[in-house]
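**Student:**
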Amino acid sequence: MSGSHEKEAVEILAEAYINAYSVSRNTKCLVVILIDDFDLSVASTFDEREYTVNSQLLTGFLMNLADDPTKCGREKVSRIPIIVTGNNFTSLYDPLTRHGRMDFFTWFPTHEQKLEIVKHMYGSCISRQDLSRLSQLVHEFHDEPVSFFDALKNDYLNDIISRVIRNSGSLKIGEVEKAAKSAFAQGIDVAHLRTLAIQRKAVQRKDYIRYPDVAKNNQAYYLPGQSGQNF
């Protein structure tokens, strides 16, 4: 939702809207447009960011579309729902978010939905035998969002890179890439993933201490009695 020149964001959205209408008309299927992280697009304004021409054009286009969803520029179309996601919509232009133009709702996935999302997230790098252990991990850290489990995969990769550097004494891209591919091909160790989850949660809650003998690895350790939640 940005662009290299003025009005490009509007052109991108208008083309997507017209294409969505064409698909819906030709297939007789319901079609929606999904814009992820809309609050980070040019439609948002912040104190440290000037309200640009692109912002004005995109906001104006969306308001016109909301007022008459059967007209996109000069094209006559059918109404196509637009769903936007984000964490903070207070930075959007107020008239765009008024009743009748935009409806808000907060979605929290159920435990079953979260479990299915995480299983899909790790489906290509975890064995079928470990799926039950992954379910236990999601259950243990049930209060964490889906993004927490996505970040764990990055933590796992970072841990692999750190081990390669410690063992070789230098950072060689080829060795790191080979080690990462090998680790994911063999399957992620869910037990180690749980250790990383505990460390991440400890850092988030700032209830960790650092021991001198592992200070060089900058590892966070849970205080006694805080080794995760059991249910």
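Quick note: the sequence shown, position 160, residue 161 per this note's numbering, numbers continuous. In this text, a Cβ means the ideal position worked out from N, Cα and C, and glycines have one as well.
#1: Applying the criterion that 16 or more other CB atoms from any shown protein chain within 10 Å of the CB defines a buried residue, is LEU14 buried or exposed?
#2: Can you tell me which residues form a DSSP beta bridge with LYS77?
#3: Helix, strand or coil for VAL191 per DSSP?
#4: With a threshold of 6 Å on Cβ separation, who are the neighbours of LEU58 within its own chain once the five nearest residues in sequence on each side are excluded?
#5: Between the Cα of ALA192 and the Cα atoms of HIS121, GLY74, GLN137 and MET122, which residue gives the shortest distance?
#6: Could you tell me whether the stretch 122-130 touches the stretch 178-194, using the rule of 3 or more Cβ pairs below 8 Å?
#7: I need the DSSP call for ILE36, collapsed to helix, strand or coil.
#8: Could you check if PHE60 is buried or exposed, using at least 16 other CB atoms within 10 Å of its CB as the buried criterion?
#9: Just to check, is the beta-carbon of THR28 closer than 6 Å to a non-hydrogen atom of the ligand ATP?
#10: Mind checking which residues open and close the beta strand (DSSP E) that includes VAL83?
#11: Beta-carbon of LEU158 versus every beta-carbon of chain D: anything under 7 Å?
#12: Got a sec, what are the start and stop residues for the alpha helix (DSSP H) ASN27 sits in?
#13: Decide if ASN55 is buried, meaning its Cβ has at least 16 other Cβ atoms within 10 Å, or exposed.
#14: Keeping to the same chain, check which residues put their C-beta closer than 8 Å to that of LEU41; ignore five residues upstream and five downstream.
#15: Within 10 angstroms of its Cβ, does CYS73 collect 16 or more other Cβ (buried), or is it exposed?
#16: At what residues does the alpha helix (DSSP H) containing ILE127 begin and finish?
#17: Would ALA198 and PHE142 be called neighbours here (beta carbons separated by less than 7 Å)?
#18: Give the straight-line distance between the Cα atoms of PRO254 and LYS154, rounded to the nearest whole angstrom.
#19: From SER148 to PHE62, what distance separates their C-alpha atoms?
#20: Would you mind reading off the limits of the alpha helix (DSSP H) that contains GLU145?
**Tutor:** Concretely, from the data shown:
#1: Along the sequence shown, one-based indexing puts residue 14 at 13. Buried, since its Cβ has 16 or more Cβ neighbours within 10 Å.
#2: Within the sequence shown, numbered from 1, the residue matching residue 77 stands at position 76. Per the DSSP secondary-structure output, LYS77 pairs in a beta bridge with LYS72.
#3: Here residue 191 corresponds to residue number 190 of the sequence shown, with the count starting at 1. In the structure shown, the three-state DSSP call for VAL191 is helix.
#4: The count along the sequence shown starts at 1 and reaches residue 58 at position 57. Closer than 6 Å at Cβ, skipping near neighbours: LYS8 and VAL11.
#5: As a first step, residue 192 must be located in the sequence shown, where it is residue number 191. Out of HIS121, GLY74, GLN137 and MET122, GLN137 has the C-alpha closest to the C-alpha of ALA192.
#6: Verdict: yes, contact present.
#7: Here residue 36 corresponds to residue number 35 of the sequence shown, with the count starting at 1. ILE36: strand per DSSP, three-state reduction.
#8: In the sequence shown, residue 60 corresponds to position 59, counting from 1. The amino acid occupying residue 60 in the given sequence is Thr; Phe does not appear at that position. Buried, by the Cβ-count rule.
#9: With respect to the ligand ATP, the structure offers nothing, as it holds no ligand at all.
#10: Along the sequence shown, one-based indexing puts residue 83 at 82. According to the sequence displayed, residue 83 carries Ile and not Val. Where ILE83 is concerned, the enclosing beta strand (DSSP E) starts and stops at 83-85.
#11: Among the protein chains of the structure shown there is no chain D, as only one such chain exists.
#12: Taking the sequence shown and counting its residues from 1, one reaches residue 27 at position 26. Counted as a single uninterrupted DSSP element, the alpha helix (DSSP H) harbouring ASN27 occupies residues 9-28.
#13: Looking up residue 55 in the sequence shown gives position 54. By the C-beta density criterion, ASN55 is buried, having at least 16 other C-beta atoms within 10 angstroms.
#14: Counting from 1 along the sequence shown, the entry for residue 41 is found at position 40. GLY87, listed in sequence order.
#15: Within the sequence shown, residue 73 is the residue found at index 72, counting from 1. A buried status is given to CYS73, since no fewer than 16 other beta-carbon atoms sit within 10 Å of its beta-carbon.
#16: Counting from one through the sequence shown, the residue named residue 127 turns up at place 126. For ILE127, no alpha helix (DSSP H) encloses it, and the DSSP letter there is neither H nor E.
#17: On the sequence shown, residue 198 is found 197 positions in, with the first residue counted as 1. On the sequence shown, residue 142 is found 141 positions in, with the first residue counted as 1. The criterion of a C-beta distance shorter than 7 Å is satisfied by ALA198 and PHE142.
#18: Here the chain has residues from 2 to 232 only, and residue 254 is not among them.
#19: Taking the sequence shown and counting its residues from 1, one reaches residue 148 at position 147. Taking the sequence shown and counting its residues from 1, one reaches residue 62 at position 61. In a straight line, the C-alpha of SER148 is about 32 Å away from that of PHE62.
#20: Working through the sequence shown from its first residue, we reach residue 145 at position 144. Note, GLU145: premise wrong, no alpha helix (DSSP H); not H, not E.
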